[in-house]
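S.K.: Take a look at this one; I'll ask things after.
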Amino acid sequence: GDPQVPAQRTFDLVIAANRLPVDAVTGADGKITWRRSPGGLVTAMESVMHGREGAWVGWAGEPGKAPRAFTQNSMHLRPVRLDQDDVVDYYEGQSNDCLWPIYHDAIVPAKFRRRWRTAYERVNTRFAEQVAKVAAPGATVWVHDYQLQLVPALLRKLRSDVRIGWFNHIPFPPVELFMQMPGREGILEGLLGADFLGFQRKPDAANFLRACRGLLDVTVRGDVVHLPDGRSVRASAVPISVDYNGLRELAGDPAVQQRAAEIREQLGDPKHILLGVDRLDYTKGLRHRLKAYGELLQSGDLDPSETVFVQVATPSRERLAAYRELRGQVELEVGRINGEHSPIGSTALTYLHRSFPRTEMVALFAAADVLIVTPLRDGMNLVAKEYVACHADDGAIVLSEFTGAADELSRAYLCNPHDIDKLKQTILQAMHDPPGEHRRRMRSMRRTVMTNDVQHWAEDFLTNLQAAPHKPKGHR
Ligand code: ADP
Ligand code: F6P
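In my numbering, the protein residues as written are 7 to 482.
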């Protein structure tokens, strides 16, 4: 903690996200240590906030009393309290067992519980109140993601002076799916409390606009929602990205290069290294990927003495049944593949169920010949863009069409992960295309990620937010 920061200090820029960029881990002695939180939101916003002054309001990752506010780099971190029932009902329940599946094409069935919705409202209110306390007069408040969709309207009621933007890191569902949600109008009204709404892709913004048109008494013209009170809110696509320069620099660091060479060696200097990096989440298409790989080994198209597959699967939401089941299925399949195909003394599939430091991730990206990204639905997928930034002219990406990244990285080897035969062919093609073809594709993708990096994204979002009308037409 930093005793220099008075509790009443306020900030011109306030970030509100379900998680802080770091998670508290309370040891047996009651002492708190901090470690980086999982997920793409934190990766992106950590880079954006680097060198910017501002406050970040979010949960510290453990139930119970919130740790004291403290400063990290130039950022003021304000933990929000989540009690055990908030964690169960707001975070695990409403956010991750209802909204998450609905917003990801109902890959697993969504559950609806009235108690969860109440908790969602309760916790969103708490977030809005905390933000209201820490925002300076006329501040810019940037609210993130599906866990906090009611915050914009709740905050506007408390602080009509602040400018409110919201960005959705995940897809926004087609109205036919969105409509299933009890209290669906409340979500739209919550979001429309913002001055500007950002989405990953145009179809996400279009889905939101369609939901407004169909379910609310509003007029939608182009990408603007006109409200009965005279306010108007624009909803448009602002695709998120990665810290291209930072990653490039890390990937070029001799120590990281050395580590990449060492990883190759430790894997037995195979001809091909395939890599997957995902949170262990059913949206990521891990089972489809393993099925394809297992079949390629079975048919002899891949030789395990020449090819190894490394799958990093970050632990995620481990108390939810859907995630526990997935973990069981993945680990069974990993065991099966290795049991049937691993040569003595090496493994066909190296499975790593843990988090790694940033440098180790970059070394892994650099070491891999082909990155395999097969989500059934993904808002963006930063991993694909990180891989591009970590490679010069070599390497290849097999990329699901159902990721936001596929819109921009059209020179990846695009695939439909549901079509296992095609997926297998695409993996083989990505592995065996000549270096010239890899170079052309990687160069094109690199230009895209280089020009549209994470700073560009943040500036784009904030410029859109500043340009928003804020007050109803005719008001001053
Ligand atoms: P999501 O937000 O759904 O988790 P993204 O691909 O957009 O997916 O972002 C994941 C982020 O987490 C990336 O920055 C990636 O490098 C990082 N990451 C994933 N797995 C690990 C891991 N095991 N250790 C450290 N960082 C990881
Ligand atoms: O970007 C999607 C996202 O759900 C973030 O909102 C979240 O922080 C991250 O993935 C990781 O999930 P969780 O916070 O539930 O561990």
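Ideal Cβ positions, reconstructed from N, Cα and C, are used throughout, including at glycine.
#1: Is M185 near ligand 1, judged by its Cβ being under 7 Å from some heavy atom?
#2: May I ask you to report which of helix, strand or coil DSSP gives F133?
#3: From G45, P73 and G60, pick the residue whose C-alpha is nearest to that of G36; which is it?
#4: Could you check whether the segment 371-384 touches the segment 293-304, counting it as contact only if at least three pairs of C-beta atoms, one from each stretch, sit closer than 8 Å?
#5: So, D229 versus A217, is the Cβ gap smaller than 8 Å?
#6: Please state the DSSP three-state secondary structure of I113.
#7: Taking the runs of the alpha helix (DSSP H) that are 4 residues or longer, which of them lie wholly in the segment 166-201?
#8: Give me the Cα-Cα distance between P430 and R219, rounded to the nearest whole angstrom.
#9: What I want to know is whether the C-beta of G45 ends up closer than 7 Å to one or more non-hydrogen atoms of ligand 1.
#10: So, with DSSP's three-state summary, where would you put Q206?
#11: For ligand 1, is there any heavy atom lying closer than 7 Å to the beta carbon of E392?
#12: Is it buried or exposed for G7, if we count other Cβ within 10 angstroms and need 16 for buried?
#13: So A418 packs on A390, CB below 8 Å; how close in whole Å?
#14: By alpha-carbon positions, which one of A112, R254 and V224 ends up nearest to F184?
#15: Can you tell me where the beta strand (DSSP E) holding Q14 begins and where it ends?
#16: Please name the residue, chosen from A23, P85, G60 and V181, that lies closest to W40 on a Cα-to-Cα basis.
#17: Can S406 be considered in contact with ligand 1, in the sense that its beta carbon sits closer than 7 Å to one or more heavy atoms?
#18: Taking only runs of the alpha helix (DSSP H) that begin and end inside the segment 270-312, which ones reach a length of at least 4 residues, in chain order?
#19: Relative to the C-alpha of Q78, which residue among R445, Q14, A61 and H481 is closest?
#20: Could you tell me if the beta carbon of N387 falls within a distance shorter than 7 Å of some heavy atom in ligand 1?
#21: Does the structure place the segment 232-239 close enough to the segment 185-205 that three or more beta carbon pairs sit under 8 Å?
#22: Using alpha carbons as the reference points, say which of G33, Q272, A34 and N213 lies closest to G351.
#23: Look up F362 in the DSSP assignment and say whether it is helix, strand or coil.
#24: Compute the distance between the beta-carbons of I403 and L388, then report whether it is under 8 Å.
#25: Can you give me the start and stop residues for the beta strand (DSSP E) that V455 sits inside?
#26: What residues in its chain sit with their C-beta under 8 Å from that of L83, if we drop five residues either side in the sequence?
#27: Leaving out five residues on either side along the sequence, give the residues of the same chain with a beta carbon under 8 Å from the beta carbon of R169.
#28: Should S361 be counted as a contact of ligand 1 given a C-beta to heavy atom distance under 7 Å?
#29: Distance check for V368 and Y250, CA to CA, integer angstroms please.
#30: Would you call E255 buried or exposed, if buried means 16 or more other Cβ atoms sit within 10 Å of its Cβ?
#31: Buried or exposed for G291, please, with buried defined as at least 16 other CB atoms from any protein chain shown within 10 angstroms of its CB.
#32: Within the 8 Å Cβ cut-off, does L280 reach chain B?
#33: Are there 16 or more other CB atoms within 10 angstroms of the CB of S80, so buried, or fewer, so exposed?
#34: What does the alpha-carbon distance come out to for the pair P188 and G46?
#35: Compare the Cα-Cα distances from L303 to each of I38, G252, L355 and T454 and report the closest residue.
M.R.: Walking through what the data contain:
#1: Indexing the sequence shown from 1 puts residue 185 at position 179. Result no, Cβ not under 7 Å from ligand 1.
#2: Working through the sequence shown from its first residue, we reach residue 133 at position 127. Reduced to three states, the DSSP call for F133 is helix.
#3: Sequence index remark: in the sequence shown, residue 36 carries index 30 (1-based). It is P73.
#4: yes
#5: Along the sequence shown, read from residue 1 onward, the residue named residue 229 stands at position 223. Along the sequence shown, read from residue 1 onward, the residue named residue 217 stands at position 211. Not closer than 8 Å, so no.
#6: Reading the sequence shown from its first residue, position 107 is the one you call residue 113. Of the three classes helix, strand and coil, the one that applies to I113 here is coil, per DSSP.
#7: 181-184 and 190-197
#8: Within the sequence shown, the letter at position 424 stands for residue 430. Within the sequence shown, the letter at position 213 stands for residue 219. In the sequence under discussion, the amino acid at residue 430 is Lys, which differs from the Pro named in the question. Computed Cα separation, rounded: 42 Å.
#9: The sequence position of residue 45 within the sequence shown is 39, counting from 1. Answer for G45: yes, Cβ within range of ligand 1.
#10: Here residue 206 refers to the residue found at position 200 of the sequence shown. Reduced to three states, the DSSP call for Q206 is coil.
#11: Here residue 392 refers to the residue found at position 386 when the sequence shown is read from its first residue. Under cutoff, so the answer is yes.
#12: Position 1 of the sequence shown, counted from the first residue, corresponds to residue 7. Reliability of the predicted coordinates at G7 is poor, the pLDDT of 41 falling under 50, and the value obtained from them is presented with this limitation in mind. That one is exposed.
#13: As a working note, residue 418 is residue 412 in the sequence shown. As a working note, residue 390 is residue 384 in the sequence shown. With 8 Å as the limit, A418 and A390 qualify as a contact, their Cβ atoms being about 7 Å apart.
#14: Your numbering for residue 184 matches position 178 in the sequence shown. Of the listed residues, the one whose Cα sits closest to F184 is A112.
#15: Along the sequence shown, read from residue 1 onward, the residue named residue 14 stands at position 8. Note, Q14: premise wrong, no beta strand (DSSP E); not H, not E.
#16: Position 34 of the sequence shown, counted from the first residue, corresponds to residue 40. Of the listed residues, the one whose Cα sits closest to W40 is P85.
#17: Here residue 406 refers to the residue found at position 400 of the sequence shown. False, no ligand heavy atom lies under 7 Å from that Cβ.
#18: 292-304
#19: Here residue 78 refers to the residue found at position 72 of the sequence shown. Residue A61 is the option with its Cα nearest to Q78.
#20: Working through the sequence shown from its first residue, we reach residue 387 at position 381. Yes, since a heavy atom of ligand 1 falls inside the 7 Å radius drawn around the Cβ of N387.
#21: yes
#22: Taking the sequence shown and counting its residues from 1, one reaches residue 351 at position 345. Cα-wise, what sits closest to G351 is Q272.
#23: By one-based count along the sequence shown, residue 362 stands at place 356. Reduced to three states, the DSSP call for F362 is coil.
#24: The residue labelled residue 403 in the question sits at position 397 within the sequence shown. The residue labelled residue 388 in the question sits at position 382 within the sequence shown. Not a contact, by the Cβ cut-off of 8 Å.
#25: Locating residue 455 in the sequence shown gives position 449, where the first residue counts as 1. Note, V455: premise wrong, no beta strand (DSSP E); alpha helix (DSSP H) at P441 to T457.
#26: What you label residue 83 is simply residue 77 of the sequence shown in a count that begins at 1. Around L83: L26, P27, V28, A61, W62, G64, A75, F76 and T77.
#27: Within the sequence shown, numbered from 1, the residue matching residue 169 stands at position 163. So the qualifying residues of the chain are G144, A145, T146, V147, D201, L471, Q472, A474 and H476.
#28: Walking along the sequence shown from the start, residue 361 turns up at place 355. Yes, the beta carbon of S361 sits closer than 7 Å to at least one heavy atom of ligand 1.
#29: As a position in the sequence shown, residue 250 is number 244, starting the count at 1. As a position in the sequence shown, residue 368 is number 362, starting the count at 1. Approximately 12 Å between the Cα atoms of the pair.
#30: Taking the sequence shown and counting its residues from 1, one reaches residue 255 at position 249. That one is exposed.
#31: Within the sequence shown, the letter at position 285 stands for residue 291. It is buried - the Cβ of G291 has at least 16 other Cβ atoms within 10 Å.
#32: Going by chain labels, chain B is absent from the structure shown, which holds only one protein chain.
#33: Stepping through the sequence shown from its first residue, residue 80 is reached at position 74. It counts as exposed.
#34: Numbered from its first residue, the sequence shown carries residue 188 at position 182. Numbered from its first residue, the sequence shown carries residue 46 at position 40. Spanning the two alpha carbons is a distance of roughly 28 Å.
#35: Taking the sequence shown and counting its residues from 1, the one referred to as residue 303 is at position 297. Among I38, G252, L355 and T454, the Cα nearest to that of L303 is on L355.
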